[in-house]
Each structure stands twice: as C-alpha cells, then as structure tokens.
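Taking it in order: structure first as structure tokens, then the write-up.
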Ligand SMILES: NC(=O)c1ccc[n+]([C@@H]2O[C@H](COP(=O)([O-])OP(=O)(O)OC[C@H]3O[C@@H](n4cnc5c(N)ncnc54)[C@H](O)[C@@H]3O)[C@@H](O)[C@H]2O)c1
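Residue numbers (our numbering): 293 to 580.
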C-alpha cells in the first residue's frame with residue numbers, strides 16, 4: 293500500500309518549515325506552500341539555514357544538503373503544491389473550519405491514494421475529516437517544536453482512519469528519525485492535554501505574583517529536570533497557538549484547568565505572541 297515519495301506541506305510557519313526540512317532531509321520530495329508569500333519566503337530561508345546547521349553539525353554532507361534543497365519546491369497555492377503528493381501535511385492555524393476548508397478544497401486535486409495529515413495540537417481528526425468524501429485517508433501527525441530536534445510524533449487515529457494509513461504514517465515518522473506513538477482521537481491527545489495544563493498554571497502563578505517568569509521556569513527546569521520551563525515553552529510554541537488549544541480543550545473537556553488566564557488573552561490581543569513576534573514572557577532576538 294501507499295509508499296510515500298512526495299510530501300506537500302501546507303503552511304510554512306513555525307511548524308510547517310520544520311516539517312518540510314525534516315522530510316526533505318530524509319529523502320522525500322517536498323512541496324511547501326503558505327497563504328502569505330512573505331512567510332513562504334522566510335520558511336525557505338529557514339529551511340536553508342537548517343540545512344547549513346546540519347552540515348556544520350555533521351548530520352549531512354554538503355552534497356546531501358544540495359540534494360535536499362533540490363528536492364524542495366516552494367509553491368504559491370495549495371492546489372498546485374498537492375498535485376503530486378502522496379502525503380499532504382497541514383500546519384495552518386489551530387482552527388477547525390480553516391483546516392476543514394483547506395482539505396475539502398484540495399480533495400479533488402489529489403489521487404485517491406493520497407494521505408491527508410493534520411499537525412493539529414488538539415482538534416479532532418474525525419471532525420476535520422467530516423467534510424471529506426474519503427474520511428479514511430485522514431490522520432493526525434503531530435510533530436513537536438522545534439521539529440528537527442524533537443523526537444516525538446503523535447499519530448492520531450480518527451474514528452474512520454484506516455489501519456493501513458496508520459501503518460504508513462508510523463513508517464513515515466520512523467523514516468524521519470522520530471519515535472511515533474499512536475493515540476486515540478480525543479481532545480489534546482496525549483501530549484497537549486497534559487502539557488498545556490502546566491503552561492496555563494504557570495501563567496496563573498505569574499498573575500498571582502508567586503514568582504517572576506524566570507523563577508517559575510527555573511523551578512521546573514532545575515527542580516523537575518524539564519529541559520525548558522513552561523513559560524519559555526509557551527513563548528516557543530506561540531501564545532496564539534497555546535490560546536487556541538486552551539480554548540478548544542476548555543470547550544471540549546470542560547475542566548477549569550483549561551480555562552485560559554486573562555494574562556494570556558491580553559498578551560495575544562497585544563500581539564505578544566512569543567518568539568515569533570519578538571515578545572512574550574521573554575524578549576527574543578529576531579529569528580533567522
Ligand atoms: N507552534 C508549535 O509549537 C506547535 C507544535 C505542534 C503543533 N502545532 C500546530 O501546528 C499548526 C500550525 O502551528 P504554527 O505554530 O506553525 O502556526 P504559525 O502561525 O507559525 O503558521 C501557520 C501558517 O499557516 C499559514 N496559513 C494560514 N491559512 C492558510 C491556508 N489556508 N493555506 C496555506 N497557508 C495558510 C499562515 O500564513 C502561517 O504562516 C497548528 O495546528 C498548531 O496547533 C504547533
């Protein structure tokens with residue numbers, strides 16, 4: 293059954309450019325697109341920078357970097373980007389109707405064998421698939437940030453996802469050097485459902501003046517051996533992304549644990565989105 297040779301990545305932001313880089317490094321032909329042409333250009337230069345870093349660190353040779361870049365194409369529209377794709381991975385904002393609209397707009401442009409994957413952090417794979425004629429082709433492929441570094445891929449099986457597609461997705465994740473886990477389609481899956489709790493509670497502690505951001509993060513880094521504290525991690529993820537996930541988990545799971553703190557909502561409305569905007573709980577130098 294479907295062997296994957298070419299991958300289309302829709303969305304070239306924080307996650308999309310990283311997924312495209314990882315797939316291209318692993319030997320796949322990759323087409324990447326974004327609704328915003330400046331983000332697509334920036335995504336391409338970030339992929340180039342990632343390949344440069346891989347050469348510096350001995351993860352690939354100069355010839356392999358060139359071959360990886362030759363396998364990559366930046367395309368202006370999703371409809372063109374997906375034409376030859378065996379696997380389409382979307383990494384567009386965490387809004388159900390956006391993801392549904394995207395997949396239904398490309399379903400007629402791809403072959404019946406093409407697999408559709410969402411990088412959603414929390415939304416229902418079955419709900420995304422509900423707009424498709426072929427619901428069995430949809431799966432969750434949840435990568436983590438930064439994609440080149442993080443080993444986990446959470447594979448989310450929707451109610452109608454076929455076993456064969458779960459298996460292809462598992463092999464694809466392994467071919468990228470990742471460790472897959474297979475999770476039921478439930479809000480926030482195994483990762484965000486747990487991880488977001490820590491981030492939101494850290495913000496409530498900041499609101500209540502328990503400690504400054506650096507010290508709340510240090511408590512988890514030095515006391516619990518977390519590589520990155522929950523506030524710094526929220527900056528890396530993007531405050532807007534975290535807010536969308538929290539709102540979805542609060543609406544679906546219901547527990548107050550997932551209620552977004554006012555501080556988070558206010559910072560997002562002020563454009564303080566974390567690393568990508570230069571300001572979140574910390575100040576960030578502009579990215580490459
Ligand atoms: N940021 C993280 O740490 C992280 C981690 C795991 C999963 N995710 C998930 O990945 C997805 C993307 O998150 P992100 O942080 O990369 O977001 P982002 O805001 O950095 O990038 C999203 C990109 O999608 C583009 N876009 C929007 N609508 C589009 C469309 N219809 N067609 C093509 N491009 C479109 C935007 O222009 C933007 O560049 C979300 O579902 C998020 O929950 C994020």
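Idealized CB from N, CA, C, for every residue including glycine. Because the structure is a prediction, the values reported are computed rather than measured.
**Report entry** Residue environment, residue 466, which counts as buried when at least 16 other CB atoms sit within 10 Å
**Finding:** The sequence position of residue 466 within the chain shown is 174, counting from 1. With fewer than 16 other Cβ atoms within 10 Å, it is exposed.
Query raised in the report: With burial defined as no fewer than 16 other Cβ atoms inside 10 Å of the residue's Cβ, what is the status of residue 580: buried or exposed?
Result: Your numbering for residue 580 matches position 288 in the chain shown. Confidence at residue 580 is low in this model, with a pLDDT of 47, below 50, so its placement is unreliable and the value that follows should be read with caution. Residue 580 should be labelled exposed.
Query raised in the report: Looking only at C-alpha atoms, which of 423, 360 and 378 sits nearest to residue 389?
Result: Position 97 of the chain shown, counted from the first residue, corresponds to residue 389. The shortest CA-to-CA distance from residue 389 to any of 423, 360 and 378 is the one to 423.
Query raised in the report: Is residue 411 near ligand 1, judged by its Cβ being under 6 angstroms from some heavy atom?
Result: Numbered from 1 along the chain shown, position 119 holds the residue referred to as residue 411. Checking the Cβ of residue 411 against ligand 1 gives yes.
Query - Per-residue DSSP class, three states only, for residue 433 - result: The sequence position of residue 433 within the chain shown is 141, counting from 1. Strand, per DSSP.
Report task. Out of 563, 516, 489 and 307, point me to the one whose CA is closest to residue 552's CA. Result -> By 1-based counting over the chain shown, the position of residue 552 is 260. Selected option, being the one with the closest Cα: 489.
Query raised in the report: Is it true that the segment 439-455 meets the segment 408-422, where meeting means three or more beta-carbon pairs spaced less than 8 angstroms apart?
Result: A contact exists between the segment 439-455 and the segment 408-422.
Report task. Return the chain-ordered ranges of every beta strand (DSSP E) run that is complete within the segment 469-535 and spans a minimum of 3 residues. Result -> 471-476
Query raised in the report: On the three-state DSSP scale, how would you describe residue 308?
Result: In the chain shown, counting from the first residue as 1, residue 308 sits at position 16. Reduced to three states, the DSSP call for residue 308 is helix.
Query - Reduced DSSP category for residue 580 - H, G, I as helix; E, B as strand; rest coil - result: Looking up residue 580 in the chain shown gives position 288. With a pLDDT of only 47 at residue 580, under the threshold of 50, the placement of this residue in the model should not be trusted, and no figure is reported.
Report task. Have a look at residue 550 and residue 311 and give me their C-alpha separation to the nearest angstrom. Result -> The residue you call residue 550 lines up with position 258 of the chain shown. The residue you call residue 311 lines up with position 19 of the chain shown. In a straight line, the C-alpha of residue 550 is about 28 angstroms away from that of residue 311.
Query raised in the report: Excluding five sequence neighbours on each side, which residues of the same chain lie with their C-beta closer than 6 angstroms to the C-beta of residue 582?
Result: Given a span of 293 to 580 for the chain in the structure shown, any question on residue 582 remains unanswerable.
Query raised in the report: From the DSSP output, which residues share a beta bridge with residue 408?
Result: Taking the first residue of the chain shown as 1, we reach residue 408 at position 116. DSSP, once it has assigned bridges, lists 380 and 430 as partnering residue 408.
Requested in this report: Kindly examine ligand 1 and report whether one of its heavy atoms sits closer than 6 angstroms to the Cβ of residue 490.
Outcome: Here residue 490 refers to the residue found at position 198 when the chain shown is read from its first residue. With a cutoff of 6 angstroms, residue 490 does not count as near ligand 1, since its C-beta is closer than that to no heavy atom of the ligand.
Report task. Compute the distance between the beta-carbons of residue 505 and residue 514, then report whether it is under 7 angstroms. Result -> Numbered from 1 along the chain shown, position 213 holds the residue referred to as residue 505. Numbered from 1 along the chain shown, position 222 holds the residue referred to as residue 514. Going by C-beta atoms, residue 505 is not nearer than 7 angstroms to residue 514.
Report task. Write down the C-beta distance between residue 371 and residue 339 rounded to the nearest angstrom, noting that I regard them as a contact closer than 8 angstroms. Result -> Locating residue 371 in the chain shown gives position 79, counting from the first residue. Locating residue 339 in the chain shown gives position 47, counting from the first residue. So it is not a contact: roughly 22 angstroms between Cβ atoms.
Requested in this report: Report yes or no: do the segment 393-409 and the segment 467-478 share at least 3 C-beta pairs separated by less than 8 angstroms?
Outcome: no
Requested in this report: Can you check the segment 336-366 for any alpha helix (DSSP H) of at least 4 residues that lies completely inside it and give the ranges in chain order?
Outcome: 354-362
Requested in this report: Return yes when at least one heavy atom of ligand 1 lies under 6 angstroms from the C-beta of residue 386, else no.
Outcome: Within the chain shown, numbered from 1, the residue matching residue 386 stands at position 94. Yes; taking the cut-off as 6 angstroms, the Cβ of residue 386 has a heavy atom of ligand 1 nearer than that.
Query - Euclidean distance between Cα positions of residue 442 and residue 510 - result: Within the chain shown, residue 442 is the residue found at index 150, counting from 1. Within the chain shown, residue 510 is the residue found at index 218, counting from 1. The straight-line gap from Cα to Cα measures roughly 21 angstroms.
Report task. Please say whether residue 331 and residue 359 have beta carbons closer to each other than 7 angstroms? Result -> Working through the chain shown from its first residue, we reach residue 359 at position 67. Working through the chain shown from its first residue, we reach residue 331 at position 39. No, they are not a contact pair.
Query raised in the report: From 392, 447 and 480, pick the residue whose C-alpha is nearest to that of residue 539; which is it?
Result: Numbered from its first residue, the chain shown carries residue 539 at position 247. Ranking 392, 447 and 480 by Cα distance to residue 539 puts 480 first.
**Report entry** For residue 558, the three-state DSSP class (helix, strand or coil)
**Finding:** By one-based count along the chain shown, residue 558 stands at place 266. It is helical.
**Report entry** Bounding residues of the alpha helix (DSSP H) (the contiguous stretch that carries residue 394)
**Finding:** For this step, residue 394 is matched to residue 102 along the chain shown. First-last of the alpha helix (DSSP H) with residue 394: 388-398.
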